[in-house]
Structures are given as structure tokens and as C-alpha cells.
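Chains as they are written, first to last, in the working numbering: chain A, 1 to 413; chain B, 414 to 826.
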């Protein structure tokens with residue numbers, strides 16, 4: 001699950017450093033040493049991730065010391081920092097583990113870890129630089145953002161090629177929902193063949209993204225040509241673009257809700273809380289998200305949402321009518337502007353004649369969400385995928401509804 | 414986010430095929446061709462993932478055809494399957510996209526895609542074999558499990574080295590909760606140095622896993638020596654082992670609840686539905702999970718759980734007292750055996766003097782969960798991490814409580 005490689009490649013690209021090679025190696029000293037020698041033979045900057053922990057198969061420092069011919073020296077400062085952090089978390093520091101993690105390769109610069117115990121290191125090696133980073137993504141990102149970036153900027157600035165021959169990348173990801181990949185591709189077909197900036201479609205759950213990457217000898221120029229292409233895409237796909245780069249569909253919904261002081265409540269069945277989880281990933285969501293109800297049982301649907309038990313008997317819990325009653329129920333009881341609800345069959349069990357696994361009803365209720373609407377889907381995939389697709393579709397429908405209402409009520413453009 | 418590499422390496426290991434090299438390459442025809450030539454020069458079996466989609470930067474088939482000197486031929490059978498699938502999903506098939514996806518490299522065996530539109534391919538190339546697989550993990554796993562495995566078994570069986578020199582790996586992951594990595598490491602220190610089977614600790618959110626890998630000339634022998642080591646680990650860590658391999662802590666909780674016919678309800682604040690989402694990832698969870706309440710506002714805590722508004726005013730919504738009142742409230746109102754609740758500050762906002770970001774109270778209520786207990790945590794990390802750590806800790810506490818109760822009530826062993 002290499003989120004680290006993506007994060008590092010992106011960070012380096014922003015500094016005008018091209019990532020040419022990536023190797024993946026197991027916890028094996030021989031193969032690790034080989035990979036390291038190969039990397040040092042062909043690159044100016046080599047970054048390793050992982051293998052700095054307290055356990056016996058954390059080998060990176062030991063192998064690096066051997067390959068570069070450096071001693072490992074215990075650093076009392078590092079030992080103290082590790083002990084403090086462990087005590088702060090009420091873990092009993094294990095002497096051997098602290099001793100191993102406080103070993104520093106001779107001549108290395110220590111990069112403190114703001115999130116965990118394993119520090120990172122910068123090790124100069126002739127004209128080359130080796131950087132060791134901890135493996136857990138939060139720790140790696142913490143060390144990079146807090147301590148490594150200023151050093152990398154200096155290293156990148158002093159590259160032996162001279163500043164003039166370097167090229168800078170600037171990337172913007174344009175995110176759309178409500179269209180399939182072929183439809184997005186049709187809309188921008190002529191733009192996709194552009195050599196610079198490049199335009200590449202990426203498919204995510206329920207969304208299609210376009211990655212626009214401009215390349216130029218100057219970072220501002222790279223930014224400018226990227227922005228020019230993003231504008232062309234905006235002209236063609238405006239109604240479906242909910243955000244850029246790290247924006248999420250949940251944050252896009254939150255932005256519209258916040259703009260108009262609207263509140264939201266959610267009643268979920270098959271997604272089990274995933275919709276609420278995605279909504280509350282957004283900082284500040286407490287301003288508009290009043291409550292979420294995970295009404296997994298029919299009893300909960302009746303007690304918490306006032307759904308008519310007769311309706312559930314007649315139509316079944318997975319039906320258009322029950323989805324709409326759930327959306328109305330949660331909206332009325334929570335006293336929010338908008339109520340959304342979904343009910344369906346995540347599988348693998350639960351299918352009945354005419355109601356297959358993947359059948360999902362999504363209902364929205366509230367003027368700003370388009371009145372009272374219910375959509376029917378037949379998603380494919382396993383339980384996890386059906387849950388994910390359902391949760392992302394709810395948010396896409398909510399955003400499309402909110403945007404349509406916003407454009408309608410703000411008058412003709 | 415390379416889940417595919419992990420899945421493939423694991424699948425191949427089970428067939429006695431060692432994965433020696435992994436390369437990552439962007440959507441660039443020149444670098445893709447280079448990577449392919451290098452791979453074919455050093456390996457018997459080369460597997461590519463991704464780049465089989467309908468868009469212009471899906472280049473894999475085109476580059477493979479060029480490198481191997483094969484023509485791409487339109488396959489009407491494949492075209493029909495793609496059109497049917499798109500129509501079944503109410504997408505309008507785009508003629509150009511269908512045309513591109515139905516191109517098949519001459520002489521290739523088509524592997525139908527049970528989940529998406531892009532089929533996979535097996536292409537014999539002299540003594541070597543090239544396999545092209547679609548990139549989305551669900552599609553890749555679908556193609557591998559449904560169609561590729563039998564071919565791989567045959568290929569592996571006919572390896573030129575002869576069966577006798579091959580070695581098989583068997584891996585079991587032992588999963589623990591309630592202990593930190595150093596504590597687990599201390600408990601199994603002498604076992605970690607074993608050369609075969611190897612024992613490697615892996616840290617996940619709130620859990621420590623031990624990966625045990627046995628290697629032998631025969632698959633049954635590999636399984637046997639792995640099982641022997643797993644038994645030794647069980648003797649030392651029995652009270653903390655909740656499962657193996659793909660088991661989740663939510664499934665482990667579900668197994669105990671199901672064993673004793675117990676029911677569960679959840680009241681979440683900062684996690685926003687994530688706890689309910691994890692619980693309902695388990696097939697069959699509807700048998701014990703009655704409801705989940707995402708009480709993000711104080712009003713929802715009062716209305717839905719009967720928490721005393723005076724208590725919230727006096728102690729604050731993030732307090733031991735409110736967490737316990739929430740757990741009692743959800744249990745009583747849902748009429749379940751166990752109620753669990755959590756309240757805390759996910760950040761980045763919301764901190765007050767004495768109540769920092771990351772402060773979380775987790776309460777459990779019900780005889781089988783250990784009576785009425787509340788734990789206080791100070792988690793580090795950003796909003797996402799605090800939510801994740803909190804949600805996993807709830808489930809770990811629930812499982813530890815349930816197991817202790819189960820061992821207590823089943824009498825002395």
C-alpha cells in the first residue's frame with residue numbers, strides 16, 4: 001500500500017526534482033544492500049522509507065551503515081526524545097527497543113519525528129545524498145513537512161546540472177462527479193493528446209478526475225500553462241467539477257452548505273455509517289452536520305425515523321417508498337434543511353426475488369437538494385465496494401442537487 | 414496505492430513462484446517499453462497491471478504489441494461483452510472507447526473481466542509468458558481469481574527448473590490488539606530470529622500483527638512448519654490474538670457476539686459513523702448490530718440518548734461522564750445487551766484549555782463488555798488519524814472486554 005511513494009514523488013516534483021526510479025524490497029539485508037548500491041549508482045538523491053522501527057527486522061540503518069562504511073553511534077538526545085514520547089503515551093519504554101532506535105549513522109543529520117519514535121536521517125555521501133525516513137505514512141509526512149523540506153529545497157537549488165537545465169512540474173487534478181469515464185473522455189478528447197501540459201483521466205469510486213501536468217524551466221511558467229489547460233476543462237465540464245487536488249466530494253458538499261447556512265442529517269442502512277464518516281472527515285463539518293442515524297434494523301427505522309411499519313411490510317425495507325420515508329423522517333426529526341437516506345442490499349446475503357445484491361435506493365429531501373427525489377441503482381462488486389459506491393453516490397447526488405439549486409436561486413448568470 | 418502488487422505477490426507465493434522485481438512506471442510509452450524489455454530479459458513470468466482502459470493514456474496493449482512485434486486485432490466477442498456490460502449499467506457505450514477496449518494482441522488468450530469492461534490477456538512469448546491485467550483492484554482480483562489462477566498453476570507446474578528445485582511459501586498473519594509493538598516484540602524476541610519460518614512484526618492502526626512465513630520444497634511442509642510457529646506464538650499471546658490473515662477486529666467482535674446471541678448499539682461523536690461502518694463491513698452484522706447513532710450535535714446527544722443537558726454544560730460534551738451517559742443511553746433506548754459510545758476532539762479545531770485535540774473518551778456498558786467502563790486517550794495525528802485510532806480502539810476494547818467475559822463465564826479452563 002505505497003502511499004509514501006506517491007507523496008514523495010509529488011513533493012519532489014514540486015521542487016523540480018524528477019523521480020526516475022522506485023524499488024520495493026523485502027526485509028532482507030542482502031537484497032536491501034543491493035537495492036541501495038544500485039540506487040546510489042544512478043541517482044543524486046536516494047530516499048528510503050521504513051525499516052527504522054524498534055524490531056529485529058528493521059534493518060535499514062544497519063544496512064546503510066554497512067554499505068556506506070559508517071559506524072552506528074548511540075545518540076543520548078535521540079534516546080531521551082524516544083523515552084519521553086513513549087512515557088507520554090503510557091507505554092512502558094522497552095530498554096532494548098529504545099537503544100536500537102537511538103542509534104545514529106555517523107555524520108548523519110537527525111530529523112526529529114513529530115508523530116512517532118523513529119527519527120529520519122540525512123546522510124551526505126560524496127556528491128550524493130541519502131535520506132532515511134520512517135515508514136508509517138503519518139510519520140513520514142510529518143518528518144518531511146516539518147524537517148526535510150528546507151533541506152531538499154537547498155539540495156534541489158544546488159543541483160550540479162545548474163538551475164537552467166532543470167524543469168519544474170506543476171500538477172492540478174480536476175475532479176468531476178456525475179459522469180462516467182467515457183463521457184468525460186469524449187468531452188476532452190482533443191485536450192488529452194496535448195504533449196504539454198498533459199491531461200490524464202483517473203477513475204476513482206464514483207468520480208472521474210483529470211490530472212493536468214505542465215512542465216517548464218520555471219515553476220511559475222509550469223503553473224501558468226497548467227492553469228490555462230484547467231480553464232479549458234472548466235469551460236466544458238463546469239456543471240460536474242466539484243473540486244481540485246485534495247478536495248473531496250464531502251468537502252464540496254460542506255462548502256455549499258456552509259455558504260448558505262444549511263444543515264444536514266443522514267439516515268443510512270447498508271452503508272452502516274460510512275456516509276457520516278465521509279461527511280465528518282471535513283474539518284468544521286459540525287457546523288452543518290446535525291446527526292446521522294444508522295438504522296440497520298427495521299425497529300430502528302420505525303422508532304428513530306417514524307417510518308410506517310406497514311410500509312416496510314408492504315414494500316420491503318429496500319424500496320423507493322421506504323428510502324423517501326427515511327429521508328423525510330430524519331429531516332423532520334433532526335429539524336435540518338436537508339435529509340438524505342439510503343437503503344439497499346450490500347450482500348453477500350439478503351437478496352430476495354427481484355431485489356438482487358447491489359440494489360440501492362438513495363433519497364434526498366429538502367428544497368435545496370431538489371425537493372423530494374429518489375434514485376435507484378444496481379451496483380456491482382463485493383460488500384465493501386457496494387458500500388463505497390453507495391456512499392460516494394449519495395454525496396455526488398447531494399452536491400449535484402445543491403449546485404443546481406444554487407445556480408437556480410442565484411438567478412441567470 | 415499499490416494494493417495490486419501485494420495481492421499478486423501473495424497469490425504467486427502460494428503457487429511457489431518468487432516475485433523478484435517490481436517496477437512502477439508512468440503513462441509514458443518510452444519508459445513503459447523500457448520497463449517491459451528489462452522485465453522480459455530477467456523473468457520467466459511478467460505481469461503488468463493497468464493501462465487497459467478506454468482512454469488515450471491507456472497504453473499497455475499498444476506498447477506490448479510494439480515490443481513483441483504483434484498486431485492488435487479487434488475481437489467482436491470482446492466488443493459484444495463490453496457493450497453488454499455498459500448497457501447493463503445504463504451507461505451509453507461510446508463507440509471509440511468500445512473499439513479501443515476490444516483490441517486484442519494477436520495470439521493472446523483473453524481473460525474475461527467479471528467486474529469491469531477491460532479484459533486481461535495471457536501472451537506467450539517464446540519460453541516466457543506475459544500477462545496483462547486491468548488496474549482497478551476489484552477488477553484485477555476478479556480476473557485473477559476467476560480466470561488466471563488455473564493458468565498460473567499450470568505455468569508454475571511446468572517451470573523449466575523442474576518441480577524439485579522449487580520452494581513454496583506459506584504465510585499466516587497472527588493479529589493482536591491491546592499491546593504495543595515493543596511489548597509484542599519482547600514476548601516473541603527469540604522467535605523473531607528464526608530463519609525458517611520467519612517471524613516479522615507489522616504495525617497497523619491500533620494492532621500489532623506477526624507475519625509468519627515458512628518455506629519448504631513442498632507446500633504441505635511449508636504449511637506445517639508455519640503452523641508450528643503460530644502455535645508457539647499462540648502460547649505466549651493468547652489473550653491478545655483476535656484473528657489471522659484477513660480477519661478484522663470488527664469480525665472478531667462479531668464472532669463473540671454471534672456465539673452468545675448478544676446485540677450491540679453504538680453512539681459516536683467524533684468518529685462520525687466510522688465505528689458503525691467498520692462493524693457493518695462484516696457480512697451478517699445485521700444479526701447483532703441494532704443501530705448506530707452519530708450524535709454530532711449536543712441536541713442529538715440529548716434527544717436521541719437522553720443525556721442530561723446539565724451534565725453536558727457542567728462537564729462538557731467531551732468528558733468521562735458524558736461518554737458513560739451516551740453508552741447507557743444508546744444501550745437502554747436500543748434495548749441491546751451492549752452499548753458503546755465515544756466522544757472526543759478530532760481537530761483541527763475544538764480544543765479548549767485542558768481538552769486538547771486528540772482527547773477521546775470511550776465508554777462501554779453491559780455485563781458482557783465488563784460492566785460500565787470508560788477509558789481516556791490522547792491520540793496524536795491529524796483529524797483522519799484521530800478518527801481512525803479512536804474507532805479501532807473502540808473495537809479493540811470491545812473485543813478484549815467480550816473475550817474476558819467469555820473466559821470468565823465459561824469457567825476455569
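Backbone N, C-alpha and C define an ideal beta-carbon position, used for all residues, glycine too. Fair warning: this is a prediction, and the values are worked out from it, not measured in the lab.
Inset, instruction - Report the residue from 110(A), 168(A), 206(A) and 111(A) whose alpha carbon sits nearest the alpha carbon of residue 414(A). - result: Nothing about residue 414(A) can be reported from this structure: the residues present for chain A run from 1 to 413 only.
Legend entry - Inter-residue spacing [alpha-carbon to alpha-carbon] between residue 185(A) and residue 286(A): A straight line joining the alpha-carbon of residue 185(A) with that of residue 286(A) spans about 37 Å.
Inset, instruction - Anything in chain A within Cβ reach of residue 702(B), meaning under 9 Å, just list it in chain order. - result: Listed along the chain, the chain A residues whose CB falls inside 9 Å of the CB of residue 702(B) are 272, 294, 296 and 297.
Legend entry - Proximal residues to residue 273(A) (C-beta, below 8 Å), its chain only, five neighbours per side dropped: Excluding residues within five positions, the ones whose Cβ falls inside 8 Å are 292 and 294.
Inset, instruction - Consider the Cβ of residue 576(B): report whether some Cβ of chain A lies at a distance smaller than 8 Å. - result: Any reading at residue 576(B) is ruled out, since the residue's pLDDT is 46, under 50, leaving its predicted position unreliable.
Legend entry - Inter-residue spacing [alpha-carbon to alpha-carbon] between residue 418(B) and residue 404(A): Those two C-alpha atoms are separated by around 42 Å.
Legend entry - Amino acids of chain B, ordered along the chain, whose beta-carbon sits closer than 7 Å to that of residue 375(A): Within 7 Å Cβ-Cβ: nothing; residue 375(A) doesn't reach chain B, min ~11 Å.
Legend entry - CA nearest to the CA of residue 28(A), picked from 62(A), 141(A) and 7(A): With distances taken between Cα atoms, residue 28(A) lies closest to 62(A).
Legend entry - Residue(s) in a DSSP beta bridge with residue 105(A): For residue 105(A), the beta-bridge partners assigned by DSSP are 72(A).
Inset, instruction - Go ahead and label residue 762(B) buried or exposed: buried means 16 or more other beta carbons lie within 10 angstroms of its beta carbon, across all protein chains shown. - result: Under this definition residue 762(B) is an exposed residue.
Legend entry - Chain-ordered neighbours of residue 34(A) on chain B, where CB pairs are closer than 8 Å: Within 8 Å Cβ-Cβ: nothing; residue 34(A) doesn't reach chain B, min ~11 Å.
Legend entry - Bridge partner(s) assigned by DSSP for residue 792(B): DSSP output for residue 792(B) lists no bridge partner at all.
Legend entry - residue 408(A) burial status per 10 Å Cβ neighbour count (16 or more: buried): Burial call: exposed.
Legend entry - Pair within 8 Å by beta-carbon distance, residue 288(A) and residue 329(A): No, Cβ-Cβ distance for residue 288(A) and residue 329(A) is not below 8 Å.
Legend entry - Own chain partners of residue 399(A) with C-beta closer than 8 Å, once the 5 adjacent residues on each side are dropped: So the list reads 177, 242, 249, 252, 253 and 256, once near-sequence residues are dropped.
Legend entry - Three-way DSSP call (helix, strand, coil) for residue 214(A) in this model: Of the three classes helix, strand and coil, the one that applies to residue 214(A) here is strand, per DSSP.
Legend entry - Contact with chain A by residue 658(B), beta-carbon distance below 8 Å: Contact with chain A is absent for residue 658(B), since none of that chain's Cβ atoms lies less than 8 Å from the residue's Cβ.
Legend entry - Proximity of residue 644(B) and residue 614(B) at Cβ, strictly below 8 Å: Cβ atoms of residue 644(B) and residue 614(B): not closer than 8 Å.
Legend entry - Neighbourhood of residue 422(B) by C-beta distance below 6 Å, restricted to the same chain and skipping five residues each side: Excluding residues up to 5 positions away in sequence, 432 lie with their Cβ nearer than 6 Å to the Cβ of residue 422(B) in the same chain.
Inset, instruction - Could you pull out every residue in the same chain whose Cβ sits closer than 7 Å to the Cβ of residue 521(B), ignoring the five residues on either side in sequence? - result: Excluding residues up to 5 positions away in sequence, 534, 535 and 536 lie with their Cβ nearer than 7 Å to the Cβ of residue 521(B) in the same chain.
Inset, instruction - Whole angstroms is fine: what's the gap from residue 622(B)'s alpha carbon to residue 326(A)'s? - result: Rounded to the nearest angstrom, the gap between the Cα atoms of residue 622(B) and residue 326(A) is 41 Å.
Legend entry - Sequence-distant residues of the same chain with beta carbon closer than 7 Å to residue 309(A), five excluded per side: Closer than 7 Å at Cβ, skipping near neighbours: 302.
Legend entry - Closest by C-alpha distance to residue 526(B), when choosing among 775(B), 729(B), 550(B) and 781(B): Among 775(B), 729(B), 550(B) and 781(B), the Cα nearest to that of residue 526(B) belongs to 550(B).
Legend entry - Partners in chain B for residue 200(A), counting only beta-carbon separations shorter than 7 Å: Listed along chain B are 440 and 470, each with a C-beta nearer than 7 Å to that of residue 200(A).
Legend entry - Integer-rounded CB distance, given that residue 98(A) should sit under 8 Å from residue 79(A): The Cβ separation is near 6 Å, so the contact holds.
Legend entry - Contact set for residue 826(B): own chain, Cβ-Cβ below 8 Å, skip 5 residues either direction: Confidence at residue 826(B) is low in this model, with a pLDDT of 43, below 50, so the placement of that residue is unreliable and no value is reported for it.
Legend entry - Buried versus exposed call for residue 609(B) [16 or more other C-beta atoms within 10 Å across all chains shown]: Around the Cβ of residue 609(B), a 10 Å sphere holds fewer than 16 other Cβ atoms; the residue is exposed.
Legend entry - Strand pairing of residue 201(A), partner residues [DSSP]: In DSSP, residue 201(A) forms a bridge with 210(A).
Inset, instruction - Report all residues from its chain with a CB closer than 6 Å to the CB of residue 266(A); omit the five preceding and five following residues, and keep chain order. - result: Cβ-Cβ distances below 6 Å link residue 266(A) to 275, 276, 292 and 340 in the same chain, with the five nearest sequence neighbours on each side left out; the list follows chain order.
Inset, instruction - Check whether the region 307-321 of chain A touches the region 727-736 of chain B, taking contact to mean three or more Cβ pairs, one atom from each stretch, closer than 8 Å. - result: Too few Cβ pairs lie closer than 8 Å, so no.
Legend entry - Partner residues on chain B for residue 279(A), Cβ-Cβ distance less than 7 Å: Neighbours of residue 279(A) on chain B, chain order: 685.
Inset, instruction - Quick one: residues in its chain with C-beta nearer than 6 Å to the C-beta of residue 365(A), no 5 flanking neighbours on either side, listed in chain order? - result: So the list reads 327, 328, 331, 339 and 372, once near-sequence residues are dropped.
Legend entry - Start-to-end residues for the alpha helix (DSSP H) that takes in residue 226(A): According to the DSSP assignment, residue 226(A) belongs to the alpha helix (DSSP H) that extends over 219-237.
Legend entry - the region 761-781 of chain B: positions lying closer than 9 Å to chain A by Cβ: So the close ones are 761, 762 and 763.
Inset, instruction - Can you grab the Cα-Cα spacing for the pair residue 194(A) / residue 463(B), in whole Å? - result: Between residue 194(A) and residue 463(B), the alpha-carbon positions lie close to 21 Å from each other.
Legend entry - CB contact below 8 Å: residue 689(B) versus chain A: It does: the Cβ of residue 689(B) has a partner Cβ on chain A nearer than 8 Å.
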